[in-house]
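Peer 1:
In the working numbering, the protein residues as written are 10 to 127.
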């Protein structure tokens, strides 16, 4: 087990994952916590991943495209996505700030920082 740590999102490495989508994250062995900023109307295309995902909108709004239809998600709302569920997202006109957790940590995101993934 690693030692307890305290950090600040402003100090975390910022990764432009897609145009208008900035990712910062911290990890433990079994969970990844991400701070994601989407510029107005920034889009995350349809995808799926083997990790479970839970998130909450801190600021702005987001349109989630899910297999059973689209959902408008505003500040304070939480969403849960089981592993392997296809989804996409588009930020609202004011942009969006999210906190998301993934379990296990997303191997593809760890690779963006040159780290080995589960």
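We treat Cβ as the ideally placed atom computed from N, Cα and C, and that holds for glycine.
Using the rule of at least 16 other Cβ atoms within 10 Å of the residue's Cβ for burial, across every protein chain shown, is residue 114 buried or exposed?
Peer 2: In the chain shown, the residue the question calls residue 114 occupies position 105. The residue is buried, with at least 16 neighbouring Cβ atoms inside 10 Å.
Peer 1: Along the chain, where does the beta strand (DSSP E) that runs through residue 120 open and close?
Peer 2: Position 111 of the chain shown, counted from the start, is the residue given in the question as residue 120. Residue 120 -> not in any beta strand (DSSP E); alpha helix (DSSP H) instead, spanning 116–121.
Peer 1: Write down the C-beta distance between residue 110 and residue 40 rounded to the nearest angstrom, noting that I regard them as a contact closer than 8 Å.
Peer 2: Against the chain shown, residue 110 aligns to sequence position 101. Against the chain shown, residue 40 aligns to sequence position 31. That belief holds up - the Cβ atoms of residue 110 and residue 40 are roughly 6 Å apart, short of 8 Å.
Peer 1: Should residue 100 go down as buried or exposed, given a rule of 16 or more other Cβ atoms within 10 Å for buried?
Peer 2: Position 91 of the chain shown holds residue 100. Residue 100 should be labelled buried.
Peer 1: Mark residue 68 as exposed unless 16 or more other C-beta atoms lie within 10 angstroms of its C-beta, in which case mark it buried.
Peer 2: Your numbering for residue 68 matches position 59 in the chain shown. With fewer than 16 other Cβ atoms within 10 Å, it is exposed.
Peer 1: Please classify residue 53: is it buried, with 16 or more other beta-carbons within 10 angstroms of its beta-carbon, or exposed?
Peer 2: Taking the first residue of the chain shown as position 1, residue 53 is located at position 44. Buried is the call here.
Peer 1: Are residue 47 and residue 104 touching if we call contact CB-CB under 7 Å?
Peer 2: Walking along the chain shown from the start, residue 47 turns up at place 38. Walking along the chain shown from the start, residue 104 turns up at place 95. Yes.
Peer 1: Buried or exposed for residue 123, going by 16 or more other Cβ atoms inside 10 Å?
Peer 2: Here residue 123 is taken as the residue at index 114 of the chain shown, counted from 1. Exposed, by the Cβ-count rule.
Peer 1: So, using beta-carbon positions, are residue 59 and residue 102 closer together than 7 Å?
Peer 2: As a working note, residue 59 is residue 50 in the chain shown. As a working note, residue 102 is residue 93 in the chain shown. For residue 59 and residue 102, no; Cβs fall outside 7 Å.
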